[in-house]
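Shown next, in structure tokens, is the structure this report addresses.
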Amino acid sequence: MAERKLFKTVGVLGLGHVGLPTAVGFAELGWQVVGTDSDSAKVSLIADGHCPFYEPDLEPLLRKNLAEGRLKVTCDVGEAVRESDILFVCVGTPQKPDGSPDLSQVEAVIRTVAENLNGYKLIVEKSTVPVQTAQWIKRTILRYAGSGTEFDVASNPEFLREGTAVHDFFYPDRIVIGVESERARNWLLELYKPLNAPIVVTDVNTAEIIKHAANSFLALKISFINMISDLCEAVGADVTEVARGIGLDPRIGPQFLQAGIGYGGYCLPKDLKAFIHIAEEHRVDFSLLKEVERVNEARIDRFVRKVQQALWVLKEKTIAIWGLAFKPNTDDIREAPSLKVISRLLDEGAKLRLYDPAAMNNVRQVFPENPPSLVYCKSAIEAATNAHAILIVTEWEEFRKIDWAKVKQVIALPIVVDGRNCLDPKTVREAGFEYYGMGRK
Ligand SMILES: NC(=O)c1ccc[n+]([C@@H]2O[C@H](COP(=O)([O-])OP(=O)(O)OC[C@H]3O[C@@H](n4cnc5c(N)ncnc54)[C@H](O)[C@@H]3O)[C@@H](O)[C@H]2O)c1
148 MAERKLFKTV GVLGLGHVGL PTAVGFAELG WQVVGTDSDS AKVSLIADGH CPFYEPDLEP
208 LLRKNLAEGR LKVTCDVGEA VRESDILFVC VGTPQKPDGS PDLSQVEAVI RTVAENLNGY
268 KLIVEKSTVP VQTAQWIKRT ILRYAGSGTE FDVASNPEFL REGTAVHDFF YPDRIVIGVE
328 SERARNWLLE LYKPLNAPIV VTDVNTAEII KHAANSFLAL KISFINMISD LCEAVGADVT
388 EVARGIGLDP RIGPQFLQAG IGYGGYCLPK DLKAFIHIAE EHRVDFSLLK EVERVNEARI
448 DRFVRKVQQA LWVLKEKTIA IWGLAFKPNT DDIREAPSLK VISRLLDEGA KLRLYDPAAM
508 NNVRQVFPEN PPSLVYCKSA IEAATNAHAI LIVTEWEEFR KIDWAKVKQV IALPIVVDGR
568 NCLDPKTVRE AGFEYYGMGR K
């Protein structure tokens with residue numbers, strides 16, 4: 148294979164929601180991959196073929212590639228650096244209290260890279276980082292490794308979505324690579340060649356901006372449709388029909404036009420904050436994005452008010468919450484709207500019965516079980532038992548398919564507040580429930 152001449156081993160530094168699918172994906176494409184993480188418990192799980200988080204289709208592919216010898220994992224980050232030619236930085240970039248990105252994980256891993264350079268390396272940022280981070284990476288390597296070391300830094304932002312990460316790795320809409328040298332360009336083009344996907348090759352600063360611009364635009368679409376939803380509610384129109392009516396215009400597109408309780412997760416909230424921060428640093432007035440954020444933060448209030456409109460007093464009411472993950476098909480609860488909803492309803496004195504197909508163990512760490520105020524249930528039906536209302540907070544497929552007649556038999560008051568507009572109001576009403584959606588009749 149010609150590509151074997153360019154480079155031999157791909158290293159993936161950080162085996163979280165992005166790093167693990169990336170490592171497994173490259174191995175499945177036939178590359179030799181070494182994955183590493185500073186969390187040794189996580190590495191042990193992965194080495195035994197277990198995915199440390201819920202991600203459909205990832206575990207079988209992980210096992211296959213470990214067994215076939217294309218993927219190796221180690222908790223010795225330095226060893227992974229020394230063994231690899233290309234290094235993908237996939238560590239976390241959480242936000243600091245002031246909204247700016249915390250780049251300490253990036254700096255730490257780059258220092259390890261610097262201390263273990265044993266020949267030319269192509270260092271690729273996959274973590275979402277502010278524009279000009281690559282400059283800092285270069286400077287840091289030169290400081291800790293000294294001059295005379297040969298390396299390139301490239302940017303290859305990640306667009307995969309939790310819940311469909313495996314599919315997104317193999318069928319990306321586009322791959323963005325920001326490079327400063329021919330060698331970096333050729334290596335990355337070679338690496339991604341088997342995917343046959345559209346590739347945008349640009350400079351590093353531009354690639355870094357593309358990721359933040361993409362997530363900010365998605366957040367903007369969500370806040371936009373949420374404002375339309377409030378207007379629809381005020382005048383008796385239906386936001387789902389408006390979304391369809393505008394979304395069929397290819398200049399707008401149908402995705403990210405689902406009105407509801409707003410976006411959450413590890414990416415949109417923090418990336419939007421980071422982008423606002425970057426713009427301010429460079430004296431660019433991007434107050435448009437501040438408004439997007441403000442609209443999103445107000446969604447929880449709007450939702451809780453809707454629950455109050457449905458139930459009047461919440462104190463001592465038993466409320467079932469269906470869905471806790473920040474979105475379906477993941478157990479990730481980082482910045483999940485459910486956490487804020489739970490907190491607000493507990494403050495009101497409601498008794499909560501929670502159910503999620505995947506995320507309950509994670510939520511338990513934040514809100515330990517405390518009967519009768521807070522109870523975790525094994526099924527949606529169990530959560531609905533003796534409840535005065537069901538709130539849909541995450542649109543898992545199983546809620547769409549639920550047998551409403553069965554729910555009716557166990558619930559105390561047949562009321563549904565659908566924070567994700569994921570149910571068919573007619574079906575729910577015909578089953579004898581009061582249905583409250585977001586911006587729909
Ligand atoms: N989660 C997503 O859907 C998604 C999508 C696109 C981009 N991103 C971006 O990708 C990056 C990673 O996100 P994630 O969701 O995978 O985070 P994560 O928290 O799931 O994973 C990060 C991993 O890095 C490890 N780590 C931290 N410091 C390390 C070090 N010094 N050496 C080795 N490993 C180290 C952590 O132990 C953890 O396992 C972030 O910048 C994020 O914004 C995330």
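148 is the number of the first residue of the sequence shown in our numbering; add one for each residue after it.
The beta-carbon is built from N, C-alpha and C at its ideal position, and this holds for glycine as well.
The structure displayed is predicted, hence computed values, not measured ones.
In the DSSP assignment, find the alpha helix (DSSP H) that holds residue i and state where it starts and stops.
i, result
"Lys573", "572 to 577"
"Val313", "312 to 317"
"Arg597", "Because the chain in this structure spans residues 148 to 588, residue 597 falls outside the shown range and cannot be described."
"Phe450", "434 to 458"
"Gln279", "That residue, Gln279, is in no alpha helix (DSSP H); it is neither H nor E in DSSP."
"Gly225", "224 to 230"
"Val260", "251 to 262"
"Gly392", "386 to 394"
"Ala381", "351 to 382"
"Leu538", "Unbroken run through Leu538 is the beta strand (DSSP E), 536 to 539; no alpha helix (DSSP H)."
"Lys487", "484 to 494"
"Lys189", "187 to 194"
Exposed or buried, which one is residue i when buried takes at least 16 other CB atoms within 10 Å?
i, result
"Glu516", "exposed"
"Pro397", "exposed"
"Ile345", "First, the amino acid is wrong: residue 345 is Pro here, not Ile. Exposed, because fewer than 16 other Cβ atoms sit within 10 Å of the Cβ of Pro345."
"Leu565", "The amino acid occupying residue 565 in the given sequence is Asp; Leu does not appear at that position. Asp565 comes out buried."
"Ile537", "buried"
"Thr387", "buried"
"Tyr201", "buried"
"Ala149", "Since pLDDT at Ala149 reaches only 42, below the 50 mark, its modelled position is unreliable, and the value read off the structure follows with that caveat. That one is exposed."
"Glu175", "buried"
"Lys553", "exposed"
"Val460", "exposed"
"Asp478", "buried"
"Gln405", "buried"
"Asp448", "exposed"
"Gly251", "Checking the displayed sequence, the identity of residue 251 turns out to be Ser instead of Gly. So Ser251 counts as exposed."
"Gln526", "According to the sequence shown, residue 526 is Ser rather than Gln. Burial call: exposed."
"Arg500", "buried"
Quick one, are the C-beta atoms of residue i and residue j less than 7 Å apart?
i, j, result
"Gly158", "Ala255", "no"
"Arg547", "Cys524", "no"
"Trp543", "Pro504", "yes"
"Asp299", "Ser328", "yes"
"Val442", "Leu367", "no"
"Ser247", "Glu272", "no"
"Gly225", "Thr259", "yes"
"Ala445", "Ile466", "no"
"Phe480", "Ala506", "The residue asked about is misnamed: residue 480 is Ile in this sequence, not Phe. The answer is yes: Cβ separation under 7 Å."
"Leu209", "Ile233", "no"
"Arg217", "Gln179", "yes"
"Ile468", "Val563", "no"
"Val276", "Leu160", "no"
"Ala531", "Val557", "yes"
"Leu162", "Asp184", "yes"
"Ile369", "Phe403", "yes"
Would you identify the three-state DSSP class for residue i, choosing helix, strand or coil?
i, result
"Gln405", "coil"
"Arg151", "Confidence at Arg151 is low in this model, with a pLDDT of 49, below 50, so the placement of that residue should be treated as unreliable; the coordinate-derived value is given next. It is helical."
"Asn568", "coil"
"Val554", "helix"
"Tyr502", "strand"
"Asn212", "helix"
"Gly161", "coil"
"Gly584", "coil"
"Asn509", "helix"
"Gly325", "strand"
"Pro561", "coil"
"Leu307", "coil"
"Tyr413", "coil"
"Thr183", "strand"
"Leu167", "helix"
"Lys420", "helix"
Can you give me the start and stop residues for the beta strand (DSSP E) that residue i sits inside?
i, result
"Phe298", "298 to 302"
"Phe235", "233 to 236"
"Lys268", "268 to 272"
"Lys464", "Element bounds for Lys464: n/a, residue is neither H nor E."
"Leu176", "Segment: none, Leu176 is in no beta strand (DSSP E) and carries neither H nor E."
"Val431", "Looking at the DSSP string, Val431 is not in any beta strand (DSSP E), and its letter there is neither H nor E."
Measuring from the CB of residue i, is there a heavy atom of ligand 2 at a distance below 6 Å?
i, result
"Gln279", "This structure lacks ligand 2; its bound ligands are ligand 1."
* To do: Check whether the stretch 308 to 319 touches the stretch 262 to 282, taking contact to mean three or more Cβ pairs, one atom from each stretch, closer than 8 Å.
  => no
* Asked: If we count Cβ pairs, one from each stretch, closer than 8 Å, do we get three or more for the stretch 354 to 361 versus the stretch 413 to 425?
  -> yes
* Asked: Would you say the stretch 460 to 480 touches the stretch 579 to 586, given that touching needs at least three Cβ pairs under 8 Å?
  -> no
* Asked: How do the stretch 170 to 180 and the stretch 205 to 225 stand: do at least 3 beta-carbon pairs fall below 8 Å, yes or no?
  -> yes
* Is there contact here, the stretch 186 to 199 with the stretch 367 to 385, by at least three beta-carbon pairs under 8 Å? -> no
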